[in-house]
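Numbering (the working numbering), first residue to last: 100 to 264.
Notes follow the structure.
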Amino acid sequence: MSDAMPSALEVAITLDGRDTTLEATPATSLLRALRDAGATATTGACEQGECGSCSVEIDGRVECSCLVPALVCHGSVIRTVRSFVRADLADALAEHGAVQCGFCTPGIVVAAEAALADPEPLTEHGVRESLAGNLCRCTGYEGIIAAVLRVDEARRDASGRERTG
Ligand code: FES
Ligand code: FES
């Protein structure tokens, strides 16, 4: 059996709106390939699909990038927290004390914006379900939930959409 490392292959993706080429072996996760390419806005902690900090959107679906082999992403459109971060959510998270160490925050923002895209008004239960895959060791979640609900309400008010409840 050979001990030679498999050589890296090129993975062409659209990353946050820009054509980007990653390098990856069959064993390289998308998270590792992104960070090795300098796209370090996406954090990672467990690298086992448990914490959600590495969440990105791949072709419209939110996924844990630590669980996705980079090679299968060839040709994909990938959006990280860089594509999702908006001032209103960032401000609301800060004002609710929902960013402390910040390690979970990129994944929280990706998951929260996916929830906020729902045409129906969000409920506390719905936000909790949407963020169930995103662990936060610091905040106790209450501030995160409150921030997302506030942004949902404010965006609905701003867009004149109907609110219920
Ligand atoms: S680093 Fe991917 S789920 Fe924890
Ligand atoms: S703010 Fe530290 S893990 Fe969430």
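For each residue, glycine too, the CB sits at the ideal point set by N, CA and C.
With a 10 Å radius around the Cβ and a threshold of 16 neighbouring Cβ atoms, Cys150 comes out buried. With fewer than 16 neighbouring CB atoms inside 10 Å of its own CB, Asp256 falls in the exposed class. Of the candidates Gly242, Ala169, Gly225, Ala216, Ala216 places its Cα closest to the Cα of Gly159. DSSP lists Thr120 as the beta-bridge partner residues of Ala111. Exclusion of Gly201 from the 6 Å shell around ligand 1 follows from its C-beta lying no nearer than that to any non-hydrogen atom of the ligand. In this structure, ligand 1 has no non-hydrogen atom nearer than 6 Å to the beta-carbon of Cys237.
With a cutoff of 7 Å on beta-carbon distance, Leu234 and Ala210 are scored as not near each other.
Closest by C-alpha distance to Ala123, out of Cys153, Ala245, Ala132, Thr142, is Ala132. The closest CA to that of Thr127, considering only Ser164, Leu248, Asp115, is found on Ser164.
These are the residues, in chain order, with a beta carbon less than 7 Å from any non-hydrogen atom of ligand 1: Leu130, Gly143, Ala144, Cys145, Glu146, Gln147, Gly148, Glu149, Cys150, Gly151, Ser152, Cys153, Cys163, Ser164, Cys165, Leu166. Note that the C-beta distance between Thr139 and Ser152 is not below 7 Å.
Fewer than three Cβ pairs drawn from the region 178 to 186 and the region 196 to 203 lie within less than 8 Å of each other, which leaves the two stretches out of contact. DSSP places Arg236 outside both helix and strand once states are collapsed to three, so it counts as coil. DSSP, read as helix, strand or coil, puts Ser152 in coil. Annotation: Arg134 to Ala169 spans about 11 Å, alpha carbon to alpha carbon. Scanning Leu221, Gly116, Arg236 for the CA closest to the CA of Ala245 turns up Leu221.
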